[in-house]
Amino acid sequence: MPLVSSKEWMLKAQKEKFGIGAFNANNMEFVEAIIEVAEEEKSPVIIQVSQGAIKYAGLEMATEMVKAAAALASVPVVLHLDHGTDYLQNVRCLRAGFTSLMFDGSALSFEDNVKMTAKITEMSHACNIPVEAELGKVLQIGDNNSAETIEKAMTQSEEAVKFVAATKIDSLAVAIGSVHAMKDRTAKLDIPRLKKIRSVIDIPLVLHGSSGVDPESIKEGIANGLCKINVATQLSVSFVKAIGEAYNKNPNEKDMRKILLPGKNAVKDRVREYMGYFGCKGKGIITGAKSGIQSSEIKHHE
Ligand SMILES: [Zn+2]
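Below, the structure is given as C-alpha cells:
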C-alpha cells in the first residue's frame, strides 16, 4: 500500500485504546525488520526518521526505502519526521512524501514554540499532513537528570491547553517522566499527570524516550491516552549486540549479510515484543490489501 497519514490511525488508536509503535530506522535492515513484523502481526506501524538519520542516509534514500517497503505491505505504514527542529526541514520532508511531521520547539520559549509550530501546522495542513509537536521537554540521557530536573521539564496541562489551541497541532508529545536514549527500562511514567493532561486535551498524545520506560508503565500510559509510542534505542542496542555476537562467532566470515541478518532478526524480535505491549496486533487489517513481503534469506553462492 502507499504510505498513509498518521492522522486517522492515531485517532483509531485513541478511540480503541491501543498504541501505535513509532520505530526509528536508519538503514534498510531496520526498515525491512519493522515492516515485516507489522505485516506478520497485522499491525499499523509508523517508521520515523530523525534529522540524524536523514544526515546519515540522505533524505531521498531514507524516504524511498520506506515507500518501497510500504508498497509491498498490506498493513498501513506511516513515514514520520522525528524531532524536526526547523521549518525548512519540515518543508523538505513534506515535499519528499512524508505522511506525518514533527516540530520540536522544546528548546524555544513558549511563545516562540507556539509561533513556529503554528507556522508549520498551517503549511502542512495545506497538504493534509498532520503535525506532532512537543511541549515540556523529554530530556536526553547525559543531561542533568535529577528527579527535580525531570519534573521541572514535564508538560503542564494548563500550558498544553493553550499550546494546542494556538497551534492546531494533530498530536502532542508529552514529557511525563521518560528520558531519551536510556538503555535500562527503569523509568516510570507520571500517570496522574498524564490523566490530568488527557482530561483537558482531546488530541492523541505521544510518548518519547520509551526505550527507558518499564513496559508495564507504558501499558498503563496507553490505557490513559498515549497513542504513539516512540522506540529507537532498544532497537539500536539489539542490532549492535547481535551483529557483534555474529562477528565474534565467526571473525573470518566474508559474507557481510551473515553478520547483518542476525542484527535484523534481533530488531524484529524487539519490535514484536513492543507491539505486544502496545496492543496493536491485529489492528492494521485492511480488507482486500495484499502483501508482497518476503523475509530475507541467505543462500549459498548468491
Ligand atoms: Zn524523541
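Reading the sequence shown from the start, the letters are residues 431 to 732 in my numbering. Heads up, the beta-carbon is just placed ideally off N, CA and C, and yes, glycines get one too.
Assess, as a yes-or-no matter, whether the region 705 to 721 is touched by the region 441 to 452 under the definition of 3 or more beta carbon pairs within less than 8 Å. yes
Would you kindly work out how many angstroms separate the C-alpha atoms of K649 and G722, rounded to a whole number? Taking the sequence shown and counting its residues from 1, the one referred to as residue 649 is at position 219. Taking the sequence shown and counting its residues from 1, the one referred to as residue 722 is at position 292. For K649 and G722, the distance between alpha carbons rounds to 32 Å.
Mind checking P681: buried by the 16 CB within 10 Å criterion, or exposed? Within the sequence shown, numbered from 1, the residue matching residue 681 stands at position 251. It counts as exposed.
Locate the beta strand (DSSP E) running through E390, then write down its first and last residues. Examination of residue 390 is not possible in this model, given that the chain is present from 431 through 732 alone.
Which of the three DSSP states is assigned to A617 in this structure? For the purposes of this step, residue 617 is taken as the residue at position 187 of the sequence shown. DSSP places A617 in strand when its eight states are reduced to three.
Quick check on the DSSP output: the alpha helix (DSSP H) that includes A455 runs from which residue to which? Indexing the sequence shown from 1 puts residue 455 at position 25. First-last for A455: undefined, no H or E at that position.
Excluding the 5 residues flanking N654 on each side, which residues of the same chain have their C-beta closer than 7 Å to its C-beta? As a position in the sequence shown, residue 654 is number 224, starting the count at 1. Only I621, L624, K625 and R628 meet the Cβ criterion.
Cβ neighbours of L524 in the same chain (closer than 7 Å, five flanking residues each side left out): Translated into the one-based positions of the sequence shown, residue 524 becomes position 94. Correct list, in chain order: L531, S554, C557 and I559.
For A492, the nearest candidate out of S436, A455 and A595 (CA to CA): Counting from one through the sequence shown, the residue named residue 492 turns up at place 62. Taking only the C-alpha atoms, the option nearest A492 is A455.
Between which residues of its own chain and S435 is the CB-CB distance below 8 Å, once the five residues before and five after are set aside? Your numbering for residue 435 matches position 5 in the sequence shown. Around S435: V508, T529, S530, N558, I559 and P560.
Would you tell me roughly how many angstroms separate the C-alpha atoms of E683 and K613, rounded to the nearest one? Start at 1 with the first residue of the sequence shown, and residue 683 comes out as number 253. Start at 1 with the first residue of the sequence shown, and residue 613 comes out as number 183. Approximately 29 Å, taken between the alpha carbons.
Proximity winner among N457, L691, A501 and G642, relative to K720 (alpha-carbon distances): What you label residue 720 is simply residue 290 of the sequence shown in a count that begins at 1. Per the Cα distances, A501.
In chain order, what residues of the same chain lie with their CB nearer than 7 Å to the CB of I606, ignoring the 5 residues before and after it? Sequence index remark: in the sequence shown, residue 606 carries index 176 (1-based). So the list reads M584, T585, L619, D620, R623 and L624, once near-sequence residues are dropped.
To the nearest angstrom, how far is the alpha carbon of G482 from that of G488? Counting from one through the sequence shown, the residue named residue 482 turns up at place 52. Counting from one through the sequence shown, the residue named residue 488 turns up at place 58. Between G482 and G488, the C-alpha separation is close to 9 Å.
Using the C-alpha atoms, what's the distance from K679 back to D671? As a working mapping, residue 671 is identified with position 241 in the sequence shown. As a working mapping, residue 679 is identified with position 249 in the sequence shown. It should be pointed out that residue 671 corresponds to Lys in this sequence rather than to Asp. The straight-line gap from Cα to Cα measures roughly 12 Å.
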